[in-house]
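Asker: I have a structure here, written as structure tokens, and I will follow up with some questions on it.
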Amino acid sequence: MPPEILASLKPEFVTPVVGFLCAENTEETGGIYEVGGGFVSKLRWERSAGAVFKADETFTPSSVGAKWEEITDFEKANEYPTSIMDTDFLALLERAKQADANPKAEDLRYDGQVAIITGAGGGLGKAYALLFAKLGASVVVNDLGGSATGQGSDSRAADLVVDEIRKAGGKAVANYDSVEEGDKVVETALKAFGRVDILVNNAGILRDKSFARMSDADWDLVHRVHLRGTYKVVQAAWPHFVKQKYGRIINTASAVGLYGNFGQTNYSAAKLGIVGFTKTLALEGQRKNIIANVIAPNAGTRMTATIMPPEMVEAFKPEYVAPLVAYLGHSSNEDTGGIFEVGSGWIAKVRWQRTGGYGFPANRELTPEQVASQWSRITDFEDGRATNPETTQDSLQSFMENFGNVEEEAPKEEGGLDVEAAKKMTFETLEFSYEEREAILYALGVGCKRTDTRFVYENDENFGVLPTFGVVPSFTTMNTVPIGDFLPNFNPMMLLHGEQFLSLKKPIPTCGTLKSQARVIDILDKGKGASVIIGVTTTDESNEVVFENEFTLFIRGSGGFGGQSKGADRGAASAANTIPNRKPDAVVTEKTSEDQAALYRLSGDYNPLHIDPDMSAVGGFEVPILHGLCSFGISGKHVLKTFGNNDPASFANIKARFAKHVFPGETLETSMWKEGNKVIFQTRVVERDVVAISNAAVELNVSSVRDSKL
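Residue numbers (our numbering): 17 to 726.
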């Protein structure tokens, strides 16, 4: 790679993602992520609906070819399996038995070609060998003759299959070597038939144990047979494929390799390794007419007999897998690098799906906290931006595109505002001690009733703290930032609270001592005014972050200092939260009390604008107005009850823009639209028909919330 690209793919863009995934409060597990150059995305398997064939003698390689478009069609009801249990093979088998007749097509033949089948002494390999021989191929039946766990050897297994082929009029020879001696396997084909055209790597063993009980021998033997054995036989056949400019390779993976399975770490690792190996063979062999594909079969064999009940082993005949293998080995097949799940008369294709991800500024330091703030977008497969990378070029494209995602430095004027210096300022850490009383007082301040015992009665078995209480300890800390020390023409009377963002890392304790420290996140030049974004991080007595706030303050008359007018994307904190073009999924209406502001101020916001008529008159209001954070809390309460099952743990974050003032006694109407794990909402003052809170949303912790019943 060019030096400038390597410089952009620095490890400092990877370690914050690792840091986030290692955080104690991170619940992500089993995930696969692509990370580089400031771009972060998640991967998952996407599977076509596939095709079901009638499970009888008409299920042939030619019938597979006739339905190939259906097998590989990703435009229908695709699936996203995460477990081997997500596929109901018994149900598929019933469908296969009742299916319409398979399409008739001219038989695919392999006359004059030589096929090597490893592990062909029984099960799947035997079914492959018999089918290829029946259709004209000369077959090398390889089988060491060992046990299902890789012990011992016996030539009889291979000999019996060879005898069966010869008695049916076919051509076959036996080979008894281990697949780790791939050169000997291929040499058998060359000596007997003079060439090799098709290679089916099928040999395998099982050494199933839980990871804690697995020995090095269990791990190594499985990898030697499956992964190294596949490599060694391909290595021996490859020069012959290249020389004759023709070759067909079918390797064997497993659904266990794709999705994992308890007690099979050795097997799953080896099988997924075979997937990557096959993908690369396909790339290197394509120009030489060497086609390589990999299958994940489900069949009753000697190996699976150790983990399946007998009736299932009998039902899942290897003969329901063999037609796909034979089709992939035919000269008419030009698909390469494919992954196919097969069994019970069903065949489907599997591919990667990648989220649209998120690109962080390529010229800024990336932190685990920033990764956390964008995690919902990084892992969102449903926002219409998902792609299906097939090559390393596809993978790198998003990284390369993000190289141009550069955040401009804020301009500075001599004697003017130094935004970067303000960001580096440190401020006093404040403690906030509270009891259940303060949590209850806040709940009453945002309109909870005596019947809301979960939030107003300390002896309720589910007593908890409203998530939006998180603004209370942070409010005083926000005021430790001396805005007048760095912002020109600052007048506190010209300050408006524009937006609020609260991110919850864990449920708020019902009592205790919290510590909060503020910082300047950004200062934006809005021309006639300035936007100051102050962050406050709050930790508990164990020094764990409980929540983080971002206060966006608009100061009229302090703009024009030559700074940026638009800040960096801060994820959920700066999301537009545009209302969907449909009716809301839920609407909650609540009339506030005329004493609402007088009650809410007891939670710490003693601004006289909300209680003193003279001060409110100076501000241009007939009567004292309601605190914006009170309306914020009321709206949050509506979302919590409607989509969070009143469980404080359901809130991941909440963001709101304060659009208009509210007078105590007015009615607030919160309209909500659920979009995945996000609830976009808007709060309207009914009496004046004005929007008080806009561009607002709550992101829910999916594991903690119920599905909407609306």
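Built from N, CA and C at the ideal position, the CB exists for glycine as well.
#1: Counting Cβ pairs closer than 8 Å, one from the segment 554-573 and one from the segment 516-533, do we hit at least three?
#2: Identify whether G151 lies in helix, strand or coil by the three-state DSSP scheme.
#3: Are the beta-carbon atoms of K365 and R63 separated by less than 9 Å?
#4: Which of the three DSSP states, helix, strand or coil, is assigned to D538?
#5: Looking only at its own chain, which residues have a Cβ that is under 7 Å from the Cβ of N711, when we skip the five neighbours before and after it?
#6: Any idea if N118 is buried or exposed, counting beta-carbon neighbours within 10 angstroms, 16 or more meaning buried?
#7: What does the Cβ neighbour count give for R453, buried or exposed, with the cut at 16 atoms within 10 Å?
#8: Please go through the same chain and pick out, in chain order, the residues whose beta-carbon is closer than 8 Å to the beta-carbon of I766, but skip the five residues on each side of it.
#9: Would you call I571 buried or exposed, if buried means 16 or more other Cβ atoms sit within 10 Å of its Cβ?
#10: Taking the alpha-carbon positions, what's the I456 to G620 distance?
#11: Go ahead and pull the three-state DSSP assignment for H513.
#12: For S194, which residues in the same chain have their Cβ closer than 6 Å to its Cβ, ignoring the five residues on either side in sequence?
#13: Can you tell me whether DSSP reads N309 as helix, strand or coil?
#14: Contact check, V341 vs I266 under 8 Å by CB: the rounded distance?
#15: Would you kindly work out how many angstroms separate the C-alpha atoms of V491 and L625, rounded to a whole number?
#16: List the residues that DSSP assigns as beta-bridge partners of N669.
#17: Kindly list the residues whose CB is nearer than 8 Å to the CB of K725, restricted to its own chain and excluding five residues on each side of it in sequence; keep chain order.
#18: Tell me which residues share the same chain as S57 and place their Cβ nearer than 6 Å to its Cβ, disregarding the 5 neighbours each side in the sequence.
#19: Taking 9 Å as the cut-off, decide whether the C-beta atoms of V707 and D538 are in contact.
#20: Could you give the distance in angstroms between the alpha-carbon of L25 and the alpha-carbon of W391?
#21: For the alpha helix (DSSP H) holding T492, just list the boundary residues, first then last.
#22: Should I48 be labelled buried (16 or more other beta-carbon atoms within 10 Å of its own) or exposed?
#23: Let me check one thing: in DSSP terms, what residues is I363 bridge-paired to?
#24: Buried or exposed: V702, going by 16 or more other Cβ atoms within 10 Å of its Cβ?
#25: Give, in chain order, every unbroken run of the beta strand (DSSP E) that is at least 3 residues long and sits entirely within the segment 203-238.
#26: Starting from the N-terminal side, write out each stretch of the alpha helix (DSSP H) that is 4 residues or longer and does not extend beyond the segment 615-645.
#27: If we count the other Cβ atoms within 10 Å of its Cβ and call it buried at 16 or more, is F227 buried or exposed?
#28: Closest to G739 by CA distance: which of V718, L433, H654, N623 is it?
#29: Pull up the DSSP beta-bridge partners for L446, would you.
#30: Taking just the CA atoms, how far does F257 sit from A121?
#31: Under DSSP, the beta strand (DSSP E) around A131 begins and ends at which residues?
#32: Between which residues of its own chain and D170 is the CB-CB distance below 6 Å, once the five residues before and five after are set aside?
#33: Inspect the beta-carbon positions of S78 and L124 and report whether they are closer than 9 Å.
#34: Candidates E560, D541, G500, V536: which alpha carbon is nearest T529's?
#35: Hey, could you find the ends of the beta strand (DSSP E) Y49 is sitting in?
#36: So for Q386, helix, strand or coil by DSSP?
Answerer: In short, the structure shows the following:
#1: yes
#2: Along the sequence shown, read from residue 1 onward, the residue named residue 151 stands at position 135. Note on identity: in this sequence residue 151 is Leu, with Gly being the wrong assignment. Three-state DSSP puts L151 in coil, outside helix and strand.
#3: Your numbering for residue 365 matches position 349 in the sequence shown. Your numbering for residue 63 matches position 47 in the sequence shown. Yes, they are a contact pair.
#4: For the purposes of this step, residue 538 is taken as the residue at position 522 of the sequence shown. Strand.
#5: For the purposes of this step, residue 711 is taken as residue 695 along the sequence shown, with counting starting at 1. A592, N593, R673.
#6: Position 102 of the sequence shown, counted from the first residue, corresponds to residue 118. The residue is buried, with at least 16 neighbouring Cβ atoms inside 10 Å.
#7: One-based indexing of the sequence shown puts residue 453 at position 437. Flag for R453 reads exposed.
#8: No information on residue 766 is available, as it lies outside the stretch 17 to 726 that the chain covers here.
#9: Walking along the sequence shown from the start, residue 571 turns up at place 555. Buried, because 16 or more other Cβ atoms sit within 10 Å of the Cβ of I571.
#10: As a first step, residue 456 is located in the sequence shown; it is residue number 440 there, counting from the start. As a first step, residue 620 is located in the sequence shown; it is residue number 604 there, counting from the start. So the two alpha carbons sit approximately 14 Å from each other.
#11: Within the sequence shown, the letter at position 497 stands for residue 513. Looking at H513 - three-state DSSP - the assignment turns out to be strand.
#12: Numbered from its first residue, the sequence shown carries residue 194 at position 178. Within the same chain, S194 has close Cβ partners L160.
#13: Sequence index remark: in the sequence shown, residue 309 carries index 293 (1-based). Strand, per DSSP.
#14: Numbered from 1 along the sequence shown, position 325 holds the residue referred to as residue 341. Numbered from 1 along the sequence shown, position 250 holds the residue referred to as residue 266. That belief holds up - the Cβ atoms of V341 and I266 are roughly 5 Å apart, short of 8 Å.
#15: As a working note, residue 491 is residue 475 in the sequence shown. As a working note, residue 625 is residue 609 in the sequence shown. Per the sequence shown, residue 491 should be read as Phe rather than Val. Whole-angstrom Cα-Cα distance: 16 Å.
#16: The residue you call residue 669 lines up with position 653 of the sequence shown. DSSP lists S519, E715 as partners of N669.
#17: Looking up residue 725 in the sequence shown gives position 709. Low local confidence applies: a pLDDT of 39 at K725 is under 50, so the model's placement there is unreliable, with the coordinate-based value given in what follows. Cβ within range, chain order: n/a, list empty.
#18: Residue numbering aside, residue 57 sits at position 41 when the sequence shown is read from its first letter. Answer for S57: E50, R370, T371, G373, listed in chain order.
#19: Translated into the one-based positions of the sequence shown, residue 707 becomes position 691. Translated into the one-based positions of the sequence shown, residue 538 becomes position 522. Not closer than 9 Å, so no.
#20: Translated into positions along the sequence shown, residue 25 becomes position 9. Translated into positions along the sequence shown, residue 391 becomes position 375. So the two alpha carbons sit approximately 20 Å from each other.
#21: Locating residue 492 in the sequence shown gives position 476, where the first residue counts as 1. Here the alpha helix (DSSP H) through T492 covers 487-494.
#22: As a working mapping, residue 48 is identified with position 32 in the sequence shown. With fewer than 16 Cβ atoms within 10 Å of its Cβ, I48 is classed as exposed.
#23: In the sequence shown, counting from the first residue as 1, residue 363 sits at position 347. Partner(s): A67, V358.
#24: One-based indexing of the sequence shown puts residue 702 at position 686. Exposed.
#25: 214-217
#26: 629-634
#27: On the sequence shown, residue 227 is found 211 positions in, with the first residue counted as 1. With fewer than 16 other Cβ atoms within 10 Å, it is exposed.
#28: Outside the displayed span of the chain (17 to 726) sits residue 739, for which this structure offers no information.
#29: Position 430 of the sequence shown, counted from the start, is the residue given in the question as residue 446. Beta-bridge pairing links L446 to S532.
#30: As a working note, residue 121 is residue 105 in the sequence shown. As a working note, residue 257 is residue 241 in the sequence shown. Answer to the nearest angstrom: the Cα atoms are 28 Å apart.
#31: Locating residue 131 in the sequence shown gives position 115, counting from the first residue. It spans 130-133 - the beta strand (DSSP E) in which A131 sits, taken as one unbroken run.
#32: Against the sequence shown, residue 170 aligns to sequence position 154. The residues are G161.
#33: Position 62 of the sequence shown, counted from the start, is the residue given in the question as residue 78. Position 108 of the sequence shown, counted from the start, is the residue given in the question as residue 124. Yes.
#34: For this step, residue 529 is matched to residue 513 along the sequence shown. For T529, the nearest C-alpha among the options comes from E560.
#35: Here residue 49 refers to the residue found at position 33 when the sequence shown is read from its first residue. Where Y49 is concerned, the enclosing beta strand (DSSP E) stretches over 48-52.
#36: Position 370 of the sequence shown, counting from 1, holds the residue named residue 386. In this structure, Q386 counts as helix in the three-state DSSP scheme.
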